[in-house]
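Worksheet for the structure shown next.
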Amino acid sequence: MDNKSDASGYWSANIRLVLVCLVIWAIVSFGFGILLRPALSGIEIGGTDLGFWFAQQGSILVFLGLIFFYAWRMNALDREYGVDEE
Amino acid sequence: MDQYTLNLIFVGATFALYIGIAIWAMAGSTSEFYAAGRGVHPITNGMATAADWMSAASFISMAGLIAFTGYDNSSFLMGWTGGYVLLALLLAPYLRKFGKFTVPEFIGDRFYSQTARLVAVVCLIVASVTYVIGQMTGVGVAFSRFLEVSNTTGLLIGAAVVFAYAVLGGMKGVTYTQVAQYVVLIIAYTIPAIFISLQLTGNPIPALGLFGEHSASGQPLLQKLDQVVQELGFNSYTGHHTNTFNMVLFTLSLMIGTAGLPHVIIRFFTVPKVADARWSAGWALVFIALLYLTAPAVGAMARLNIIDTVYPNGTQGEALAYDERPDWMKNWEVTGLLKFEDKNGDGRIQIYNDKSAAFEAKAAANGWNGNELSINRDILVLANPEIAKLPGWVIALVAAGGLAAALSTAAGLLLAISGAVSHDLIKGSLMPDISEKGELMSARIAMAVAIGVATYLGLNPPGFAAQTVALAFGLAAASIFPALMMGIFSKRVNNVGAVAGMLAGLIFTLVYIFLHKGWLFIPGTNSFPDTIDGSLLGISSTAIGAVGAVINFAVAFIVSNATEQPPREIQELVESVRIPRGAGSAAADH
Numbered sequence: 001m002d003n004k005s006d007a008s009g010y011w012s013a014n015i016r017l018v019l020v021c022l023v024i025w026a027i028v029s030f031g032f033g034i035l036l037r038p039a040l041s042g043i044e045i046g047g048t049d050l051g052f053w054f055a056q057q058g059s060i061l062v063f064l065g066l067i068f069f070y071a072w073r074m075n076a077l078d079r080e081y082g083v084d085e086e
Numbered sequence: 001m002d003q004y005t006l007n008l009i010f011v012g013a014t015f016a017l018y019i020g021i022a023i024w025a026m027a028g029s030t031s032e033f034y035a036a037g038r039g040v041h042p043i044t045n046g047m048a049t050a051a052d053w054m055s056a057a058s059f060i061s062m063a064g065l066i067a068f069t070g071y072d073n074s075s076f077l078m079g080w081t082g083g084y085v086l087l088a089l090l091l092a093p094y095l096r097k098f099g100k101f102t103v104p105e106f107i108g109d110r111f112y113s114q115t116a117r118l119v120a121v122v123c124l125i126v127a128s129v130t131y132v133i134g135q136m137t138g139v140g141v142a143f144s145r146f147l148e149v150s151n152t153t154g155l156l157i158g159a160a161v162v163f164a165y166a167v168l169g170g171m172k173g174v175t176y177t178q179v180a181q182y183v184v185l186i187i188a189y190t191i192p193a194i195f196i197s198l199q200l201t202g203n204p205i206p207a208l209g210l211f212g213e214h215s216a217s218g219q220p221l222l223q224k225l226d227q228v229v230q231e232l233g234f235n236s237y238t239g240h241h242t243n244t245f246n247m248v249l250f251t252l253s254l255m256i257g258t259a260g261l262p263h264v265i266i267r268f269f270t271v272p273k274v275a276d277a278r279w280s281a282g283w284a285l286v287f288i289a290l291l292y293l294t295a296p297a298v299g300a301m302a303r304l305n306i307i308d309t310v311y312p313n314g315t316q317g318e319a320l321a322y323d324e325r326p327d328w329m330k331n332w333e334v335t336g337l338l339k340f341e342d343k344n345g346d347g348r349i350q351i352y353n354d355k356s357a358a359f360e361a362k363a364a365a366n367g368w369n370g371n372e373l374s375i376n377r378d379i380l381v382l383a384n385p386e387i388a389k390l391p392g393w394v395i396a397l398v399a400a401g402g403l404a405a406a407l408s409t410a411a412g413l414l415l416a417i418s419g420a421v422s423h424d425l426i427k428g429s430l431m432p433d434i435s436e437k438g439e440l441m442s443a444r445i446a447m448a449v450a451i452g453v454a455t456y457l458g459l460n461p462p463g464f465a466a467q468t469v470a471l472a473f474g475l476a477a478a479s480i481f482p483a484l485m486m487g488i489f490s491k492r493v494n495n496v497g498a499v500a501g502m503l504a505g506l507i508f509t510l511v512y513i514f515l516h517k518g519w520l521f522i523p524g525t526n527s528f529p530d531t532i533d534g535s536l537l538g539i540s541s542t543a544i545g546a547v548g549a550v551i552n553f554a555v556a557f558i559v560s561n562a563t564e565q566p567p568r569e570i571q572e573l574v575e576s577v578r579i580p581r582g583a584g585s586a587a588a589d590h
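These protein sequences, in sequence, are chains D and P. For the first sequence, the numbering used here gives the first residue as 1, with consecutive numbering after it. For the second sequence, the numbering used here gives the first residue as 1, with consecutive numbering after it.
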């Protein structure tokens, strides 16, 4: 699929992906874990509220998902734009 | 077999393993010494990164920090893992593509400035040296408690082991030793946690047990914990009691600082391809998460266990008599890290929050005259197996695990320091014509000197050792991370802008920390109390790194836009760093 091999298209696709991931990164940690915790206090989990879970475990699990998702998408983009290493 | 012999066998066996690996993986070239020949599998590198990153602080201190504060210290959990998202998305793949050996080398080349490179070297050395002191003191403590040798002897043994595998093996030796150390430390951390979780909740997975049911009372574990701590006048465990704005900034500072720590970044130079650098950051977080998901469970369960031990009949019942105290209390009293003072003279141990005004009346009615048991937070993880009455081999395993955590981080830091000295200072500016053999020799000498300095500082820790960790993170966040990120994501930032930005971030952060902790950490020379409310900007000195980073970005952009564009070849360099193709050839240049 070398027909899409333009460097600026590859780079802007990367930037879009990074931005999406960083928004999720911020929402689960600073959002659900800290600032939005009062708003989530109605949702119970294991004797406490969802915000506590996000602060102590949930955000870590989402971080993991984000990194693997990014690696998978980027490695696919590399091939799509023909910039991967053979 | 007695405990001492068991400890000796476990620690001795793991040390023999590390040295065996070092002899097998001896480095022959600078590429092997700095980057393990760029032949490390991403999963292997992820495991080594996890051991490199998880220090004595993660293994020994973190669960204790969470246990005695609860929710408010969640910042450590989110901050020290969230940094890996930044590392994976913003730095690791590009720096791997760049294909050089050190962090200052990238900064120097990208900003075509020897000054920028030297500023980066200074930041790197200050951050790494302050960090390594903590590891060496940790090694001394673990030895003196478990092997019953003096602190000095313990430290010297530890230094000799690190010397053997780091100086001989370089990055290659360190990588494979760190894999072994990861295995030792994760087993040592998890096994006691599984037993304790089974005892308290019946769930063999501590991370799930934390949100499970407390078997003895039938209530959810966290609800039970909230109840008993509040009955003793403490803040609720799950409640939010700290300043929200400061908590956000503190978490952000830990994240940015983590992503900017050079000894973590250089680990991503060792994998064969750019795609591997992306996967490897994910694997590193998998291995880190195994410990970090367990840590909050260890903290909460230990807190509950301690209160249950002291109040065997519930918090409303009679407290434990001092003469009937369990063996683990006696063992730790010897070290001075656990202290009992019978303030009301009734021969019983009362734990409660004697700083709570609301609880004063109740304490007086009970005839209590102040909190009587003080527990150093750092003993929590080490004492955990004894508190839960686990067999002797588990205690020996925890000793070996604590040492593995401290030694693996120390080796990673020493490697970053020796690279900066031999590659950036000696080859990069003092003696550019040095041969590869000469450079390899100078890297080994730099490493040996760094071990000597770290050992000396570990034996004579400056009074401020613990406080300097804030400095290490602050510097990494305010100087190194922004410079690297702008170097990749902006073609406009030039040499003048980068240097001005780094210096502005660095000086602002340094001055702010000194204003609150004292100039050069000398007690009494601070202008503001080191608390959130008393501080200059309403931000604690540990959380200021994020503000320093923002200042660095802002100054760099403003100055760059007022000065000339970077030259054509630098813009092309940035273009090439952004594209994975060709990373293999960049490595072959060396």
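Just so it is clear, CB atoms sit at the ideal spot from N, CA and C, and this is done for glycine as well.
Cα-Cα separation between residue i and residue j, rounded to whole angstroms
| i | j | result |
| --- | --- | --- |
| residue 590 of chain P | residue 31 of chain P | Interpretation of residue 590 of chain P is limited by its pLDDT of 40, a score under 50 that renders its predicted location unreliable; no figure is taken from the coordinates. |
| residue 43 of chain D | residue 50 of chain D | 6 angstroms |
| residue 39 of chain D | residue 246 of chain P | 19 angstroms |
| residue 63 of chain P | residue 361 of chain P | 32 angstroms |
| residue 34 of chain D | residue 207 of chain P | 20 angstroms |
| residue 77 of chain P | residue 218 of chain P | 28 angstroms |
| residue 328 of chain P | residue 137 of chain P | 23 angstroms |
| residue 585 of chain P | residue 21 of chain P | Low confidence applies here, because residue 585 of chain P scores a pLDDT of 45, under 50, leaving its location unreliable; read the following figure in that light. When rounded, the distance between both Cα atoms is 29 angstroms. |
| residue 424 of chain P | residue 119 of chain P | 11 angstroms |
| residue 431 of chain P | residue 115 of chain P | 17 angstroms |
Under 9 angstroms from the C-beta of residue i: neighbouring residues of chain P
| i | result |
| --- | --- |
| residue 80 of chain D | Result: empty, since nearest Cβ-Cβ is about 12 angstroms, beyond 9 angstroms. |
Chain D contact for residue i (CB, 8 angstroms cutoff)
| i | result |
| --- | --- |
| residue 263 of chain P | no |
| residue 432 of chain P | no |
| residue 84 of chain P | yes |
| residue 222 of chain P | yes |
| residue 247 of chain P | yes |
| residue 71 of chain P | yes |
| residue 44 of chain P | no |
| residue 81 of chain P | yes |
| residue 115 of chain P | no |
| residue 270 of chain P | no |
| residue 49 of chain P | no |
| residue 251 of chain P | yes |
8 angstroms Cβ cutoff, residue i in contact with chain P
| i | result |
| --- | --- |
| residue 13 of chain D | no |
| residue 3 of chain D | Only weak support exists for where residue 3 of chain D lies, its pLDDT of 44 falling under 50; the value from the coordinates is given anyway. Closer than 8 angstroms: no. |
Sequence-distant residues of the same chain with beta carbon closer than 6 angstroms to residue i, five excluded per side
| i | result |
| --- | --- |
| residue 222 of chain P | 238 |
| residue 127 of chain P | 472, 475 and 476 |
| residue 280 of chain P | 42, 45, 46 and 271 |
| residue 485 of chain P | 90 |
Chain D residues whose Cβ lies nearer than 9 angstroms to that of residue i
| i | result |
| --- | --- |
| residue 579 of chain P | 7, 10, 11, 78, 81 and 83 |
Closer than 8 angstroms at the beta carbon, the chain P residues around residue i
| i | result |
| --- | --- |
| residue 71 of chain D | 88, 275, 278, 279, 281 and 282 |
| residue 37 of chain D | 240 |
| residue 64 of chain D | 282, 285, 286 and 289 |
| residue 46 of chain D | 210, 211, 212, 220, 221 and 222 |
Beta-carbon contacts of residue i that lie in its chain and below 7 angstroms, excluding the five residues immediately before and after
| i | result |
| --- | --- |
| residue 368 of chain P | 344, 350 and 352 |
| residue 225 of chain P | 237, 300, 303 and 304 |
| residue 506 of chain P | 123, 475, 478 and 479 |
| residue 148 of chain P | 4 |
| residue 184 of chain P | 14, 400, 401 and 404 |
| residue 518 of chain P | 524, 525 and 526 |
Proximity test, residue i beta-carbon vs the ligand PLP heavy atom, cut-off 7 angstroms
| i | result |
| --- | --- |
| residue 527 of chain P | Only the bare structure without any ligand can be found here, which leaves the ligand PLP out of the picture. |
Under 7 angstroms from the C-beta of residue i: neighbouring residues of chain D
| i | result |
| --- | --- |
| residue 207 of chain P | 57 |
| residue 74 of chain P | 33, 55 and 56 |
Residue i: contacting residues in chain P (beta-carbon distance under 7 angstroms)
| i | result |
| --- | --- |
| residue 43 of chain D | Chain P residues near residue 43 of chain D: none, gap ~13 angstroms exceeds 7 angstroms. |
Interface partners of residue i on chain D, CB under 8 angstroms
| i | result |
| --- | --- |
| residue 244 of chain P | 34 and 35 |
| residue 78 of chain P | 29, 33, 55, 59 and 60 |
| residue 575 of chain P | 7 |
Contacts around residue i, its chain only, beta-carbon distance under 8 angstroms, and the 5 residues preceding and following it disregarded
| i | result |
| --- | --- |
| residue 14 of chain D | 74 and 77 |
| residue 152 of chain P | 140 and 459 |
| residue 320 of chain P | 309, 310, 311, 312, 348 and 349 |
Task: Residues from the segment 285-312 of chain P in contact with chain D, defined by Cβ distance under 8 angstroms - done: 285, 286, 289, 292, 293 and 296
Open item on the list: For the segment 20-32 of chain D, list every residue whose C-beta sits within 8 angstroms of some C-beta in chain P, in sequence order.
Closed with: 21, 22, 25, 29 and 30
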